[in-house]
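Engineer: Sharing a structure with you now.
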Amino acid sequence: KGYEEGVTHNKIYRPWGSYTSLIESKKWLVKKIEVNPGSKLSFQMHNHRAEHWIVVGGTAKVQIDDEKFLLNENQSTYIPIKAKHRLINPGNTKLIIIEIQSGNYIGEDDIVRLQDDYGRD
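Under our numbering, the first residue of the sequence shown carries the number 13, and numbering increases by one thereafter.
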């Protein structure tokens, strides 16, 4: 019947874990991000979107530009447009965050990777 779900799954696997797109509109997207123990996302930035991260399980080590800090369950942070940032799971259990992206463009090709442990551009 032409449903997108027939060819595109909401859960996307990455070397560090996975993300699931929960709900979106033209200028915002809500994702559930699961980071495996000891894993980290690339050090990156976005030209067109900001992000809000809310920890709902585990502990997150966050880097925003030169600042590094820990977030526990029920804590959150804001990543402005063009801020260099990284999400790390320093714990022994899966890290789960809810990410809210907002901006004029929220496509996955708005990721500028500055450093990546998995050799991605």
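Even for Gly, the Cβ is constructed at its ideal location relative to N, Cα and C. Only a predicted model underlies this, so the values are computations on that prediction, with no experimental measurement involved.
How is Glu120 classed by DSSP in three states: helix, strand or coil?
Structural biologist: helix
Engineer: May I have the straight-line CA-CA distance separating Ile76 from Arg98, to the nearest angstrom?
Structural biologist: 7 Å
Engineer: Mind checking whether the beta-carbon of Tyr31 lies closer than 7 Å to any heavy atom of the ligand GTP?
Structural biologist: No copy of the ligand GTP occurs in the structure displayed, which carries no ligand at all.
Engineer: I'd like to confirm the pairing. Which residues does DSSP put opposite Gln127 in its beta bridges?
Structural biologist: Here Gln127 is bridged, per DSSP, to Phe55.
Engineer: Would you say Phe55 and Gln127 are within 8 Å of each other, going by their C-beta atoms?
Structural biologist: yes
Engineer: Measuring only the C-alpha atoms, how far is Gly115 from Trp40?
Structural biologist: 6 Å
Engineer: Give every residue of the same chain whose Cβ lies closer than 8 Å to the Cβ of Ser88, excluding the five residues on either side of it in the sequence, and list them in chain order.
Structural biologist: His64, Trp65, Ile66, Val67
Engineer: Within 10 angstroms of the Cβ of Glu46, are there 16 or more other Cβ atoms? Answer buried if so, exposed if not.
Structural biologist: buried
Engineer: So which of Tyr130, Lys96, Gly29 has the shortest CA-CA distance to His60?
Structural biologist: Lys96
Engineer: For the candidate residues Gly119, Tyr130, Asp129, Thr105, whose alpha-carbon lies nearest to that of His58?
Structural biologist: Gly119
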